[in-house]
Amino acid sequence: MEKCWSADFRERPNFEQIISALEDLILQLSISDPQGREWWKSNFSDKEKIRWQEFIPKFYEYLSVPTLEKDVLLLQAMFCGLIQLEEWQNPYVNIRRFGQVLDWFGPIEHTNIFLSRIRDLVMQQWFHGDINAQESSIRLSAHGPGTFLVRFSFSQPGAYSLVYLDDSYKLRHQLIRRKVIKDGDESGRSTQVFKLKIPESESPEFNNMSTLIDSQPNLQTPCPGTQYVVLQRQGESIDSYILPNRNLVAPLKKSESLRKMMNIASFKTSFSVKPQQLTFYN
33 MEKCWSADFR ERPNFEQIIS ALEDLILQLS ISDPQGREWW KSNFSDKEKI RWQEFIPKFY
93 EYLSVPTLEK DVLLLQAMFC GLIQLEEWQN PYVNIRRFGQ VLDWFGPIEH TNIFLSRIRD
153 LVMQQWFHGD INAQESSIRL SAHGPGTFLV RFSFSQPGAY SLVYLDDSYK LRHQLIRRKV
213 IKDGDESGRS TQVFKLKIPE SESPEFNNMS TLIDSQPNLQ TPCPGTQYVV LQRQGESIDS
273 YILPNRNLVA PLKKSESLRK MMNIASFKTS FSVKPQQLTF YN
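33 is the number of the first residue of the sequence shown in my numbering; add one for each residue after it.
The structure is reproduced here in structure tokens:
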């Protein structure tokens with residue numbers, strides 16, 4: 033971009049070159065994973081957000097795995113954000129969110145590994161995903177010591193935040209770092225490890241988040257109220273079956289019972305602060 037101010041006008045880029053450079057910059061800043069960045073560029077070019085109906089068939093084509101209803105629901109919850117009924121009626125995926133999801137679960141590979149990583153985490157009762165520090169405090173404040181949850185970290189790419197109440201009812205936050213290790217063979221597959229930042233030199237590595245959580249004796253009770261409860265119920269109750277590509281969006285309007293479950297699962301809290309007291313309205 034510095035060439036725009038070059039003393040030699042012949043070195044200055046034209047308008048099309050400037051636009052192309054800006055698009056590449058947005059792509060690099062939004063998606064850190066090289067495979068994901070190349071996939072987005074080859075499929076959606078300069079677009080910054082894509083309707084879900086256009087996104088999901090192309091994504092499954094790349095993964096080359098069977099299209100299961102429960103996995104489509106999981107992917108929509110991740111790529112489109114919070115599970116709220118009104119958002120599911122006209123969903124879309126923006127480029128920044130796509131990059132965040134790859135930081136948390138990627139890289140995307142031509143296997144079922146990416147989906148398995150999402151499924152394994154979302155099905156945990158203590159995983160609350162898309163909430164901030166303030167909402168974590170609200171959800172935990174009504175419970176006792178040892179109650180905990182895990183959410184996405186939005187300040188550290190690819191990391192998670194463990195939030196819990198200690199024995200003195202004080203809220204504690206610990207960063208969980210995720211590292212991806214390439215297997216080193218021709219398959220191109222990767223494994224992931226998790227570790228607490230406490231400091232890192234004294235923190236062991238774990239192959240999955242659940243094992244890390246189980247290793248912490250101060251974590252006793254998963255905090256209720258996760259918005260992913262609808263997906264947890266779906267995972268327990270519906271049979272997995274392959275959907276034709278033309279029905280990839282079918283789960284959104286599948287049944288009135290699912291809509292009711294989503295309304296129940298949506299966790300919305302308003303509160304007012306009084307002297308030394310929080311009053312909650314659920």
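A virtual CB, placed ideally from N, CA and C, is assigned to each residue, including glycine.
Which whole-angstrom value describes the C-beta separation of residue i and residue j, a residue pair presumed to lie in contact below a C-beta threshold of 8 Å?
| i | j | result |
| --- | --- | --- |
| residue 226 | residue 208 | 6 Å |
| residue 128 | residue 62 | 5 Å |
| residue 106 | residue 263 | 6 Å |
| residue 162 | residue 130 | Wrong, their Cβ atoms sit about 14 Å apart, outside the cutoff. |
| residue 215 | residue 250 | Wrong, their Cβ atoms sit about 34 Å apart, outside the cutoff. |
| residue 186 | residue 125 | That pair is no contact at about 17 Å. |
| residue 204 | residue 196 | 5 Å |
Residue i bridges to which residues according to DSSP?
| i | result |
| --- | --- |
| residue 212 | 224 |
| residue 81 | 126 |
| residue 258 | Paired residue(s): none; residue 258 is not in a bridge. |
| residue 238 | 226 |
| residue 253 | 179 |
| residue 204 | 196 |
Considering residue i, what are the terminal residues of the beta strand (DSSP E) in which it resides?
| i | result |
| --- | --- |
| residue 126 | 124-126 |
| residue 161 | 159-161 |
| residue 193 | 192-197 |
| residue 322 | One cannot answer for residue 322 here, as it falls past the ends of the chain, which runs 33 to 314. |
Compare the beta carbon distance of residue i and residue j with 8 Å and say whether it is the shorter of the two.
| i | j | result |
| --- | --- | --- |
| residue 212 | residue 222 | yes |
| residue 255 | residue 134 | no |
| residue 178 | residue 258 | no |
| residue 206 | residue 229 | yes |
| residue 64 | residue 189 | yes |
What first and last residue would you give for the alpha helix (DSSP H) that runs through residue i?
| i | result |
| --- | --- |
| residue 110 | 101-111 |
| residue 73 | 66-76 |
| residue 16 | There is simply no residue 16 to check, as the chain begins at 33 and stops at 314 in what is shown. |
| residue 150 | 145-154 |
Can you confirm whether the region 240-248 touches the region 123-143 when touching is taken to mean that 3 or more C-beta pairs between the two stretches lie within less than 8 Å? Fewer than three beta-carbon pairs drawn from the region 123-143 and the region 240-248 are found closer than 8 Å, and the two stretches are therefore not classed as touching.
Would you be able to state if there are at least three C-beta pairs under 8 Å between the region 102-114 and the region 65-76? no
Validate contact between the region 157-169 and the region 86-105 using beta carbons, cut 8 Å, 3 pairs: no
Is the region 153-160 touching the region 74-84, taking contact as three or more C-beta pairs under 8 Å? no
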